[in-house]
């Protein structure tokens, strides 16, 4: 019997039990949809985050507190407070391949202004941050050296925060914002930066680094941003920064990462996350497969007599095997196609909403091919045992079966 | 020309748990082309076992069974399937049609496993159904047919691949006497056209439609005799009261 005939017989059998066939298919639909959604959303998120950081420019370096273990890019939590403002000054002074250094101190806190309260991210940094991050000013001015030296209470707002508190950045200029009980004057607003993974980079307030240390009673920096002179001098800048800090600290309790090292580490983390999530989703596909196997075993038992009749009139083991295997594969294939559609729609919706991305960017062809072939594989894997049981039935026993 | 069926001292021993059942204890039997043989015997005499072996659903434990000269003892399961497909036509007491398939599709089944192309299958199946008087029932499913009609579909199916022998296991057992007689008339007709038939029954009257009766008892052939003047099913039908069934 050819495969076409086997297909015809299988479709006939599936039509005979419509509800059962639909429910069994549903198990595969959900599994495939879950895998596709998680993998493609994960990929979209990864490319979005990595792209976001990459757009900062290849000449950027990160100085992180704590020494990364051998073979790892990021340090563990110990040594979180080893970086200081004087480190930034020393680097600025001595590392010649470095164009600019900006320390960074970040806190999530409630601020009030314009009669409203908002929880936002307050960042303490220096004027060079503007140059380091290639940030553009929308209006007013950014933090100045004088602000830093005199620990002035001035604040530059991100456009989202400005809008929330004062309805528009233009209306914010010159107004007062209270942070941690202290009044700050709004001196400027930066250009919109967009979102990363649902985090609004414009929902921020920038204040002088020295003011931030005083305000939050700390003497360290969360990390330092370093900008090299140009792309060619990134590695030289890294060596120089390391040399300066080693001398300043007397030990190597920090980690300097270049843009590409940072991106590599970030990408690796996000990839592991994506794989972990889709493995969980794959479990549901396996559950769907067990559903197929269950229903196929029932079907084989119910049709014992049919198998006996078919064997009596000349069906070989392969004919019976093919008949039931094709039936299982048809279920999983139909489930695969429907699940793929559902998964793509879901991942488009999620990508469009959460990642602010165009739908096509989320549709990853390899994922679709993978989920599709995986679903066929599930059909074969879970269909083989029931089909094999059917194929090796003794025709005499099968004909006697009531 | 060799015999259609030749059994040489065939024995069959089953194991049912720890109990050994000797179903056949050295059966010698030959059936020649064109014969119509009835195999009789009380239940437990080994009739069904014999039929399974002759039909290649089972292999002998000892002795040899030659179907058209071919020894079946060492054939694989798939090879036996092939032999059943080409050389044996089964007619069962319970008809054993596939309920979801139409009469036409049921008759097509042996042709399907013989690898006959679809169009050719259709044509031959329709021809066979016409031959058993069901030309106007091609697209009916078994439950839409009477018992007699279902059994005639089964006969058409048995004939599909021009088998060497048609094996009928109590073919009238589930039919009323008129329908049963009609099926027997069909067998006699086919036999006159040259089809070799072996019919298993416990009913003497049914057996007497054949031209030879083989009697089994305790796994041995105890009698093997020709029937002087077989019952003519057409004649029996004519003497039956009531209207004949069907068109």
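Protein chains in written order, with this note's numbering: chain B, 7 to 408; chain R, 2 to 248.
Even glycine gets a Cβ: it sits at the ideal position worked out from N, Cα and C.
Quantities reported herein were computed from a predicted structural model and do not represent experimental measurements.
Counted within 10 angstroms of its Cβ, other Cβ atoms place residue 263 of chain B as buried (16 or more) or exposed: buried
Host beta strand (DSSP E) of residue 261 of chain B (start-end): 260–264
Residue 255 of chain R vs residue 100 of chain R beta-carbon contact at 8 angstroms: The requested residue 255 of chain R is not part of the displayed model; chain R covers only 2 to 248.
Span of the beta strand (DSSP E), counted from its first residue to its last, around residue 126 of chain B: 122–131
Cα-Cα separation between residue 80 of chain R and residue 141 of chain R, rounded to whole angstroms: 33 angstroms
Local conformation of residue 368 of chain B per DSSP, three classes: Note that residue 368 of chain B scores a pLDDT of 48, beneath 50, so its modelled location is shaky and nothing firm can be said.
Supposed contact pair residue 16 of chain B and residue 329 of chain B - C-beta distance, whole angstroms, cut 8 angstroms: 6 angstroms
Three-way DSSP call (helix, strand, coil) for residue 73 of chain R in this model: coil
Reference residue 50 of chain B; option with closest CA among B:356, B:195, B:403, B:408: B:356
Cβ shell of residue 40 of chain B (< 6 angstroms), same chain only, five flanking positions each side left out: 287, 290
Same chain, Cβ closer than 7 angstroms to residue 30 of chain B, neighbours up to 5 away in sequence not counted: 297, 298, 301, 337
Straight-line gap, residue 149 of chain B to residue 156 of chain B (C-alpha atoms, nearest Å): 12 angstroms
C-beta neighbour in chain B for residue 232 of chain R, strict 8 angstroms: no
Distance between residue 5 of chain R and residue 70 of chain R (C-alpha atoms, nearest Å): 7 angstroms
Touch test, the stretch 193–201 of chain B against the stretch 224–239 of chain B, Cβ-Cβ under 8 angstroms, three pairs minimum: no
Helix, strand or coil at residue 173 of chain B according to DSSP, with G and I counted as helix: coil
Distance CB(residue 125 of chain R)-CB(residue 113 of chain R) smaller than 8 angstroms: no
DSSP-derived helix/strand/coil call for residue 41 of chain R: strand
Within-8 angstroms CB hit, residue 121 of chain R to chain B: no
Supposed contact pair residue 220 of chain R and residue 23 of chain R - C-beta distance, whole angstroms, cut 8 angstroms: 6 angstroms
Contact list for the stretch 32–65 of chain R against chain B, Cβ threshold 7 angstroms: 53, 58, 59
Status (buried if at least 16 other CB within 10 Å, exposed otherwise) for residue 248 of chain R: In this predicted model, residue 248 of chain R has a pLDDT of only 48, less than 50, meaning its place in the structure is not dependable; the value taken from the coordinates is given anyway. That one is exposed.
Residues of the stretch 374–408 of chain B whose Cβ lies closer than 9 angstroms to any Cβ of chain R, in chain order: 398, 400, 401, 402, 405
8 angstroms Cβ cutoff, residue 97 of chain R in contact with chain B: yes
Per DSSP, the bridge partner or partners of residue 206 of chain B: B:201
Bridge partners - residue 118 of chain B, DSSP secondary structure assignment: B:123, B:184
Secondary structure of residue 162 of chain B, DSSP reduced to three states: strand
Check whether residue 109 of chain B and residue 94 of chain B have beta carbons under 8 angstroms apart: yes
C-alpha gap between residue 368 of chain B and residue 354 of chain B, whole angstroms: A caution first: residue 368 of chain B carries a pLDDT of 48, below 50, which makes its placement in the model unreliable, though a value can still be read off. Approximately 6 angstroms, taken between the alpha carbons.
Unbroken alpha helix (DSSP H) run spanning residue 240 of chain R, endpoints: 234–240
9 angstroms Cβ cut-off: residues of chain R touching residue 323 of chain B: 78, 79, 82
Where the beta strand (DSSP E) containing residue 13 of chain R begins and where it ends: 6–17
Cβ-Cβ separation, residue 40 of chain R to residue 51 of chain R (assumed contact under 8 angstroms), whole Å: 7 angstroms
CA-to-CA distance, residue 397 of chain B to residue 268 of chain B, given in whole angstroms: 57 angstroms
CB contact below 8 angstroms: residue 316 of chain B versus chain R: yes
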